[in-house]
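Below you'll find the structure, written out as structure tokens, and then a few comments.
Residue numbers (my numbering): 160 to 240.
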């Protein structure tokens, strides 16, 4: 196996450059939950990939048939190629 590229989907950056810049700047990806209403839960913070847009990496039909984490995997793979 040879690793030829790097793709990152993370709460503090989408893409290796954005992720690295956030890492160097000490930017945390942890924030208040916005993906759903967390009021019925004890914890109201999480590390969401808020800037992730699946349509930047795949067509709408494919994105609708995948779970969010599968979308992350496809996006990271495409960035790494």
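We treat Cβ as the ideally placed atom computed from N, Cα and C, and that holds for glycine. Here the structure is a predicted model, which means the values were calculated and not measured.
Checking 7 Å against the spacing of the C-beta atoms, do residue i and residue j come in under that value?
{"i": "residue 239", "j": "residue 165", "result": "yes"}
{"i": "residue 189", "j": "residue 206", "result": "yes"}
By Cβ distance below 6 Å, which residues in the same chain neighbour residue i in space, the five residues on each side in sequence not counted?
{"i": "residue 208", "result": "168, 170"}
{"i": "residue 194", "result": "207"}
Can you give me the C-alpha to C-alpha distance between residue i and residue j, rounded to a whole angstrom?
{"i": "residue 187", "j": "residue 224", "result": "30 Å"}
{"i": "residue 219", "j": "residue 200", "result": "32 Å"}
Reducing DSSP to helix, strand and coil, say where residue i ends up.
{"i": "residue 209", "result": "coil"}
{"i": "residue 216", "result": "coil"}
{"i": "residue 233", "result": "helix"}
Can you give me the Cβ contacts of residue i inside the same chain, cut-off strictly under 7 Å, excluding the 5 residues immediately before and after it?
{"i": "residue 191", "result": "203, 204"}
I'd like the ranges of any alpha helix (DSSP H) spanning at least 4 consecutive residues and lying wholly in the region 165 to 207. Within the region 165 to 207, the complete alpha helix (DSSP H) segments at least 4 residues long are 175 to 184, listed from N- to C-terminus.
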